[in-house]
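Novice: As numbered in the working numbering, residues 563 to 741 make up the sequence shown, in order.
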Amino acid sequence: MELMKIETERLFLREMNEDDYDALYSVLGDPENMQHYSYSFDEKRVRAWIERNIKRYRVFGFGLWAVCLKETGEMIGDCGLTMQNINGTICPELGYHIRRDCHRKGYAAEVAAAACDWAFENTPFGEIYSYMKGTNEASAKTAMAYGCRLTDEYENEDNETIKVFRITKEEWKKKGTKQ
């Protein structure tokens with residue numbers, strides 16, 4: 563069976579594996595990088611993250627994939643599709659985490675657009691969501707860059723504002739987001 567691989571101009575997405583632990587820990591284990599996440603990541607949580615995504619590939623055919631630089635093959639983050647509870651409804655959500663020293667280079671927007679294209683071309687979903695804490699402006703900008711618009715805000719159980727962005731398949735077709 564051939565493993566999934568999505569390519570963009572500067573990056574590629576591939577299924578992550580246990581050998582990605584160190585690279586992924588440098589993303590998820592960085593408290594500043596993950597300041598908008600609801601908890602911090604230690605070794606156990608990063609290993610569980612990898613295992614959960616490997617299981618998602620088998621069950622759903624998608625998950626969060628390793629984001630790698632084309633030039634070197636180095637993993638600099640993750641991006642992909644997961645099923646998430648967004649304000650009480652299970653929705654296909656496109657998420658992304660990029661290593662802090664690789665921020666402000668357009669990598670998140672580049673791979674999010676490619677993952678969105680893949681999702682609409684390879685799944686039956688009629689809409690894709692991205693959600694984040696209201697304070698996470700960088701993530702909101704990435705969602706808008708791949709074509710989403712703000713569609714909802716709500717308070718979570720910790721009384722934090724959560725912003726919900728969405729793009730429909732029809733909006734995606736009109737936008738012509740193909741890379």
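C-beta: ideal position from N, C-alpha, C; glycine also.
Between which two residues does the alpha helix (DSSP H) harbouring K606 extend?
Specialist: From DSSP, the alpha helix (DSSP H) with K606 extends over E605 to F622.
Novice: Would the beta-carbon of E683 fall within 8 Å of that of Y619?
Specialist: Taking 8 Å as the Cβ cut-off, E683 and Y619 do not qualify as a contacting pair.
Novice: Under a three-way DSSP split, which group does T730 fall into?
Specialist: Strand at T730.
Novice: According to DSSP, which residues form a beta bridge with S692?
Specialist: F727.
Novice: Mark G642 as exposed unless 16 or more other C-beta atoms lie within 10 angstroms of its C-beta, in which case mark it buried.
Specialist: Looking at its Cβ environment, which holds 16 or more other Cβ atoms inside 10 Å, G642 is buried.
Novice: Using only CA atoms, which one of I724, V629, E732 and T723 lies nearest to R572?
Specialist: Here the closest residue by C-alpha is V629.
Novice: I think N615 touches L631, with their Cβ atoms under 8 Å apart; what is that distance to the nearest whole Å?
Specialist: Not quite, the Cβ-Cβ distance comes to about 20 Å (not below 8 Å), so this is no contact.
Novice: If we ignore side chains and look at the alpha-carbon of each, how far apart do R609 and G639 end up?
Specialist: R609 and G639: Cα-Cα distance of roughly 14 Å.
Novice: Check F682 in the structure and name its three-state DSSP category.
Specialist: In the structure shown, F682 sits in a helix (DSSP, three-state: H, G or I).
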